Amino acid sequence: MRLRKNYIARTSGNETLLVPAGGSEFAGMVRGNRTLGAILELLRQDTTEEQIVEAMKKRFDAPEERIAADVKKALAELRTIGAIDG
Amino acid sequence: MTGVYRIAGHDIAIESNYETVQLLCEDYRTDAEPELTLSVSTEELTEILRKARENYPELPDSEFLPPDYLELAVIYKRLAERTPFWDTVMLHGSAVAVDGACYVFCAKSGTGKSTHARLWRQLLGERAVMVNDDKPMVHIRPDGSAEVYGTPWDGKHRLNTNTHVPLRAICILERSEENTIRPITKSEAWPMLLQQFYRPYDAEAMEKTMDLIGRLQTSFYRLGCNMELEAAELSYQTMKG
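So the protein lines, in turn, are chains A and B.
In terms of our numbering, the first sequence opens at residue 1 and continues consecutively.
In terms of our numbering, the second sequence opens at residue 1001 and continues consecutively.
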């Protein structure tokens, strides 16, 4: 899976924004923290949920279950708005 | 028919099927060599209208734009897809200049930004110049400062001036019984900004748009207002600093 090309992410400070280009069914925006930013960064290339969790474990000092739960939740939200291919 | 117009500092040839487009752009006419040509074929217009009717079968014909205004709207969209590469973005809002500074009111459609801009004209007379009542362009410099440009796309009241004025503030407007105003952070303004700036269909242009809005430095306010003159007094006195 990967982030659709027409979804643009920007992280500034601790805030991450994800916005689709015009013409997308989802016309809103997603706001999150740096964790979301890191997940979106990893989704710029084809990857899997397991690979994202592994990469996040190396980056963030948090229990694995917590990271896995955060990733699952974020991916579910991104799928809901049609931001993920595959 | 073709005309060349200087819009937001760029010389653009517009080839149109209908004279309306040329007439509405007349104030922006130039003799310069165009750097970009925009056009739309009658077949494209027919197809756009067909799709719109298909999507909204319940609407009567009177609800769809006549072909000449549809052409103007399509030309606008095609231009808005290109301007991010000139560090310029289309903003849906009412832009008023007073004493060389531009104030832009943004709100959901129907909230009353044109009405509030009219109150400013009532309050300030000729000092208040309508840069554009619907779709001004904002050029954002590398340091984040911005210049607001008038465009021919000016909404139903036909209020625009071929001018450009430094941006002083963007004000998010909401209806309220009582008049209140407060400065807000850019972070608080983001959702409305992203709704009111034109979102290109092209991903690269969209990235550029995000970068431009990201570097925009100006003052942001949230105004709750009614339709009385005192609403304009409050917003003007607060934002002029």
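By construction, the Cβ of each residue, glycine as well, lies at the ideal position given by its N, Cα and C atoms.
Just so we're clear, the structure is a prediction, and the values are computed from it rather than from any experiment.
Quiz item: Relative to the C-alpha of S1094(B), which residue among K1135(B), A1101(B), P1067(B) is closest?
Solution: K1135(B)
Quiz item: In this structure, what does DSSP give as the bridge partners for N1160(B)?
Solution: N1132(B)
Exercise. May I ask you to verify whether the stretch 1114 to 1132 of chain B touches the stretch 1178 to 1192 of chain B, counting CB pairs closer than 8 Å and requiring at least 3?
Key: no
Self-check item: Residue environment, N6(A), which counts as buried when at least 16 other CB atoms sit within 10 Å
Solution: buried
Quiz item: What is the rounded straight-line gap between the Cα of W1086(B) and the Cα of V1096(B)?
Solution: 23 Å
Quiz item: Relative to the C-alpha of K1108(B), which residue among Y1069(B), Q1196(B), A1203(B) is closest?
Solution: Q1196(B)
Quiz item: So the alpha helix (DSSP H) L1036(B) belongs to, where does it begin and stop?
Solution: No alpha helix (DSSP H) holds L1036(B); the beta strand (DSSP E) holding it covers 1036 to 1039.
Quiz item: Are the stretch 1152 to 1168 of chain B and the stretch 1202 to 1209 of chain B touching by the rule of at least three beta carbon pairs closer than 8 Å?
Solution: no
Quiz item: Whole alpha helix (DSSP H) runs in the stretch 1053 to 1137 of chain B with 4 or more residues, listed along the chain?
Solution: 1067 to 1082, 1113 to 1124
Quiz item: Does G1150(B) have its Cβ less than 8 Å from a Cβ in chain A?
Solution: no
Quiz item: Terminal residues of the continuous beta strand (DSSP E) containing P1183(B)?
Solution: 1180 to 1184
Quiz item: Beta carbon of E1081(B): closer than 7 Å to some heavy atom of the ligand COA?
Solution: In the structure shown, the ligand COA is absent, as is every other ligand, since no ligand is present at all.
Exercise. Pull up the distance between the alpha-carbon of C1106(B) and that of T1238(B), whole angstroms please.
Key: 17 Å
Quiz item: E1054(B) to E1015(B), Cα distance in whole Å?
Solution: 27 Å
Quiz item: Taking only beta-carbon atoms, is D1202(B) less than 8 Å away from chain A?
Solution: yes
Quiz item: Any C-beta of chain B sitting closer than 8 Å to the C-beta of V53(A)?
Solution: no
Practice problem: List the residues of chain B that L19(A) touches, going by C-beta distances under 8 Å, in chain order. | Solution: The identity of residue 19(A) in the sequence shown is Val, whereas the question assumes Leu. Going along chain B in sequence order, the residues near V19(A) (Cβ under 8 Å) are L1194, R1199, M1206, M1210.
Self-check item: Beta-carbon proximity of W1153(B) to Y1103(B), cut-off 8 Å
Solution: no
Quiz item: Interface residues of chain A around W1190(B) at Cβ under 9 Å?
Solution: E15, L17, M29, R31
Quiz item: Helix or strand or just coil, what does DSSP make of N1177(B)?
Solution: First, the residue type needs correcting, since residue 1177(B) is Glu and not Asn in the sequence shown. Note: E1177(B) maps to coil in three-state DSSP.
Practice problem: Could you tell me if A1032(B) is buried or exposed, where buried requires 16 or more neighbouring beta carbons within 10 angstroms of its beta carbon? | Solution: exposed
Quiz item: Which residues in the same chain have their Cβ closer than 8 Å to the Cβ of R1182(B), if we skip the five residues on either side of it in sequence?
Solution: Y1221, R1222
Quiz item: Which two residues bound the contiguous alpha helix (DSSP H) that contains I1012(B)?
Solution: That residue, I1012(B), is in no alpha helix (DSSP H); its beta strand (DSSP E) goes 1010 to 1015.
Quiz item: Any Cβ of chain A within less than 8 Å of the Cβ of G1214(B)?
Solution: yes
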